[in-house]
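2 protein chains.
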Amino acid sequence: MIILDAAHPSGPAEQIRAQITALIQSGELAADARLPPVRQLAGDLRVAAGTVAKAYKELESTGLVRTGRANGTRVNPGLVLDTLALKDVQRVVTAARKAGLSLEDVQGIIAVSWNA
Amino acid sequence: MIILDAAHPSGPAEQIRAQITALIQSGELAADARLPPVRQLAGDLRVAAGTVAKAYKELESTGLVRTGRANGTRVNPGLVLDTLALKDVQRVVTAARKAGLSLEDVQGIIAVSWNA
DNA sequence: TTGCTTGTATTGGTTTATTGATACAAGAGG
DNA sequence: CCTCTTGTATCAATAAACCAATACAAGCAA
């Protein structure tokens with residue numbers, strides 16, 4: 001389920017992209033699962049079809065999703081978690097929760113450390 | 001250091017807000033530290049002063065920052081990851097780099113672990 | 001093949017964000 | 001007191017995002 005917030009600092013397309021990303025990464029949208037057609041999702045969210053298409057295209061450019069034509073847009077298989085020290089990851093997540101941070105906050109912190 | 005990406009789906013104001021948020025929560029901007037004046041940061045980023053002011057105002061509305069007038073805009077104490085967790089963050093980033101992962105990959109793994 | 005669905009692209013009009021400039025009041029410092 | 005800095009507010013003009021409608025080609029199914 002995707003919900004658009006008019007008061008959100010980001011626009012509709014970015015909100016759709018971010019929420020679908022979260023649905024995929026949380027496993028709620030499994031690999032090979034099919035996203036709703038652009039027209040359908042656009043109708044549900046009271047948004048133009050081009051706006052949903054824009055979000056889908058960005059999802060594809062980041063590799064989260066692939067798209068045939070009449071085949072629709074489908075979820076790509078996920079990342080291999082074994083490549084990382086999962087214990088450290090879990091420690092970070094636990095500490096962040098304790099500090100009252102959101103997922104987006106933690107991802108921002110990762111980005112800061114990444115570019116440091 | 002704040003960097004604006006013209007290709008980013010979000011606009012300048014939102015990018016500034018998100019990056020300063022991350023800098024604060026990662027401890028790189030300590031409590032009571034002073035943010036650059038709106039005109040200065042605007043000049044550095046080649047952006048209008050009102051755009052930076054808009055970002056500052058949203059930061060204040062979320063409580064991350066306080067603002068006097070000529071006192072400037074300063075970081076509020078509180079929402080920071082503890083030093084231990086920050087070390088874990090660095091370990092994760094280092095391991096990810098070694099494994100050849102991208103920043104987006106790591107952020108995705110964080111998201112998966114977050115919803116696990 | 002035919003028919004239908006889907007993603008993509010285009011067009012024109014509307015809305016929102018950003019710009020650049022200006023002005024103002026609160027506070028700091030001399 | 002005065003001066004300077006800072007955040008805030010406003011304005012008209014430009015840029016970007018979004019909308020609504022349409023058309024098209026790729027692929028699936030019958």
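Read top to bottom, the protein sequences are chains A and B. With UniProt numbering as the guide, the letters of the first sequence map in order to residues 1 to 116. With UniProt numbering as the guide, the letters of the second sequence map in order to residues 1 to 116. Just so it is clear, CB atoms sit at the ideal spot from N, CA and C, and this is done for glycine as well. Just so you know, these numbers come straight off a predicted model, no measurement behind them.
Beta-carbon spacing of residue i, residue j below 8 Å
i                 : j                 : result
Arg-39 (chain B)  : Asp-88 (chain A)  : no
Glu-58 (chain A)  : Pro-9 (chain B)   : yes
Val-52 (chain A)  : Ile-16 (chain A)  : yes
Ile-109 (chain A) : Gln-25 (chain B)  : yes
Ala-116 (chain A) : Leu-81 (chain B)  : no
Ala-42 (chain A)  : Ala-33 (chain A)  : no
Val-47 (chain B)  : Pro-12 (chain B)  : yes
Leu-79 (chain A)  : Asp-5 (chain B)   : no
Gly-72 (chain B)  : Leu-35 (chain B)  : yes
Glu-28 (chain B)  : Val-112 (chain A) : yes
Pro-77 (chain B)  : Ala-7 (chain B)   : no
Host alpha helix (DSSP H) of residue i (start-end)
i                : result
Val-89 (chain A) : 86–98
Three-way DSSP call (helix, strand, coil) for residue i in this model
i                 : result
Thr-62 (chain B)  : coil
Arg-39 (chain B)  : helix
Arg-69 (chain B)  : coil
Val-75 (chain B)  : strand
Arg-34 (chain B)  : strand
Glu-28 (chain B)  : coil
Ser-113 (chain A) : helix
Arg-17 (chain B)  : helix
Gly-11 (chain B)  : coil
Leu-45 (chain A)  : helix
Ala-6 (chain A)   : coil
Val-106 (chain A) : helix
Leu-23 (chain B)  : helix
Val-52 (chain A)  : helix
Under 8 Å from the C-beta of residue i: neighbouring residues of chain B
i                 : result
Val-47 (chain A)  : Here the premise fails: no neighbours, minimum Cβ distance about 15 Å.
Gly-100 (chain A) : Leu-79
Arg-17 (chain A)  : Pro-9
Ala-6 (chain A)   : Near Ala-6 (chain A) there are no residues of chain B at all, since even the closest Cβ is about 15 Å away, more than 8 Å.
Chain A contact residues for residue i, given Cβ-Cβ distances below 9 Å
i                 : result
Thr-73 (chain B)  : Result: empty, since nearest Cβ-Cβ is about 18 Å, beyond 9 Å.
Glu-14 (chain B)  : Pro-9, Ser-10 and Glu-14
Asn-115 (chain B) : Ala-22, Gln-25, Ser-26, Gly-27, Glu-28 and Leu-103
Leu-84 (chain B)  : Arg-91 and Ala-95
Partner residues on chain B for residue i, Cβ-Cβ distance less than 7 Å
i                     : result
residue 120 (chain A) : Residue 120 (chain A) is absent from the model: chain A starts at 1 and stops at 116.
Thr-62 (chain A)      : Glu-104
Leu-41 (chain A)      : Chain B residues near Leu-41 (chain A): none, gap ~17 Å exceeds 7 Å.
Beta-carbon neighbours of residue i, restricted to chain A and to distances below 8 Å
i                 : result
Ala-105 (chain B) : For the sequence presented, residue 105 (chain B) should be read as Asp rather than Ala. Near Asp-105 (chain B) (Cβ distances below 8 Å), the residues of chain A are Leu-79.
Val-112 (chain B) : Gln-25, Ser-26, Gly-27, Gly-78, Leu-79 and Leu-81
Within chain A, the residues that residue i reaches when beta carbons sit closer than 7 Å
i                : result
Val-52 (chain B) : Going along chain A, no residue has its Cβ under 7 Å from Val-52 (chain B), so there is no contact; the nearest lies around 14 Å.
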